[in-house]
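A short worksheet on the structure shown next.
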Amino acid sequence: MEIKLATAFSGIGAIEQAFIRLGIKHKIIFACDNGDINIDIDTDKELKKVRKLSSIKEKKDYVQKLYMEHSRKQNFVEKSYLANYKVENDNFFYDVKLLDGNDFKNKVDLFVGGSPCQSFSIAGARGGFEDTRGTLFYEYVRLVKEIQPTVFVYENVYGVLTHDKGKTWATMQNVFSELGYHIKWKILDARNYGIPQGRRRLFVVGFKSQSACDNFDFPKEKRLKFTMQDFLLDNCADGNFNFDENGKIILTKGGQKVEKYLSQKLVDYVMSPGTKNFYHKDAEIDLPIARAILSTQGNTHRASVNNYVTTNGHIRALEPRESLRLMGFPDSFKIVVSRAQSYKQSGNSIVVDVLMAITKEIIKVIGD
């Protein structure tokens, strides 16, 4: 069985990496991510133009040209993604708001993505599909509606459940129901699925089939075997963090020197509890379970929110490779961008091992 996979807000390919680690035969139908490049255009007007073009390639080229005309920024997410994965017909798209999902109707088995938590202008008491217009969530569900995948997986921060006094989550559930999908949802923490990182996220799994949904269960939690220290380059050199034939993490002993230490001035800053407007007393380092990896970890945050470790008696930040490991990416994942971009990309990703666990449960119920 070959799974036809598609992603929006694709990032550096967490679900793609999950399929690789699990050894599941798959084909990437398309990926889409603008690399956090914002351009000032009338998206409704431009989408209408895109829909009138005759081929997928024309549509893709038209949107990329728009980005080139309105921004000089490079799409670093695209660079990382294409260095690590092969996409069918080079179908990497730049903008979820300008992607015509009708081109892929009934061609996708699994559609995966997330979107930033945004408040909705709810016209009625319950809210629905049209009430979410203008949000990236709307674009995600628009694509579900147009593509009609067999299954979708949607990820977001767990705070969406209480956002706007619960109205946001109520609206999202109504929208999924409007689309004709049957959903199950749960908050999953990376530390319960093999990765020593405290990272709680909301996962929604939607099925076209009611019976498939009824038979689906979220993966059971398992005992954590590793600590953050196991993942450090000091203890496991670059190239020694891999996976076996079942996708399980294998660490080969033997470390390497990492000497990018913080200056004493920065140590004093990161170890301070902060001011009365930003006060955190728990400025701990060398935690066995990492704090949630941040997209802004390349900046120097206080130890109460970021991760710092001790090497040879000196304090340092995590290296890009270590941040990727803490998101479940093995050392075979190529880093082709700057340190700052790599930090940002790992912090924006979904934890691979959590998606692996979910994927195995999905495969059980969608049949051969």
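If you're matching positions, the sequence shown starts at 2 in my numbering and goes up one per residue. Where is the CB? At the ideal position from N, CA and C, for every residue including glycine. Nothing here was measured: the structure is a model prediction, and the numbers come from that model.
- Shown here, I351 sits in coil according to DSSP, grouped into three states, outside any helix or strand.
- With fewer than 16 neighbouring CB atoms inside 10 Å of its own CB, G167 falls in the exposed class.
- For the pair T8 and V113, the CB atoms are nearer than the 8 Å cut-off.
- In this structure, F177 sits away from I188, with a CB-CB distance that is not shorter than 8 Å.
- By a beta-carbon distance limit of 8 Å, A358 contacts P220. Their separation comes to about 4 Å.
- Here the alpha carbons of S56 and D34 stand approximately 20 Å from one another.
- Taking a contact to require three or more Cβ pairs closer than 8 Å, the stretch 89-103 and the stretch 21-38 qualify as touching.
- Residue range 211-216 is occupied by the alpha helix (DSSP H) that includes C214.
- Under DSSP, R201 takes part in a beta bridge, and its partners are D190.
- In this structure, the alpha-carbon of I25 lies about 14 Å from that of K249.
- Closest option to K5, judged by alpha-carbon separation, among P150, F232, G181, K365: P150.
- Judged by pairs of C-beta atoms under 8 Å, the stretch 205-216 does not touch the stretch 296-313, as fewer than three such pairs exist.
- Of K261, L83, K61, L325, the smallest CA-CA separation from D96 is found for K61.
- Secondary structure of Y309 (DSSP, three-state): strand.
- With contacts defined by Cβ atoms closer than 8 Å, V338 and S81 form a contacting pair.
- Taking the Cα of V259 as reference, the smallest distance to any Cα among R322, Y68, G160 is reached at R322.
- In the DSSP assignment, I21 falls within the unbroken alpha helix (DSSP H) covering 15-23.
- According to DSSP, residue pairing for Y63 in a beta bridge does not occur.
- Around A284, the same chain offers V271, M272, S273, P274, R303, A304, S305 as residues with beta carbons nearer than 8 Å, after the five sequence neighbours per side are excluded.
- Annotation: I367 to F232 spans about 34 Å, alpha carbon to alpha carbon.
- In the DSSP annotation of this structure, the continuous segment of the alpha helix (DSSP H) that includes N85 starts and ends at 77-85.
- DSSP places I184 in the strand class (E or B) of the three-state scheme.
- Beta-bridge partners of Y262 (DSSP): R317.
- At a Cβ-Cβ threshold of 8 Å, V352 and R200 count as neighbours.
- Here E222 has N193 as same chain residues with Cβ atoms under 6 Å from its own Cβ, once five neighbours each way along the sequence are excluded.
- Beta-bridge partners of N243 (DSSP): I251.
- Uninterrupted beta strand (DSSP E) stretches at least 3 residues long and entirely within the stretch 129-176 occur at 152-158, given in chain order.
- For A238, the secondary structure class from DSSP, reduced to helix, strand or coil, is coil.
- In the structure shown, the three-state DSSP call for F330 is coil.
- Annotation: T44 is outside any beta strand (DSSP E); the continuous alpha helix (DSSP H) that includes it extends over 44-53.
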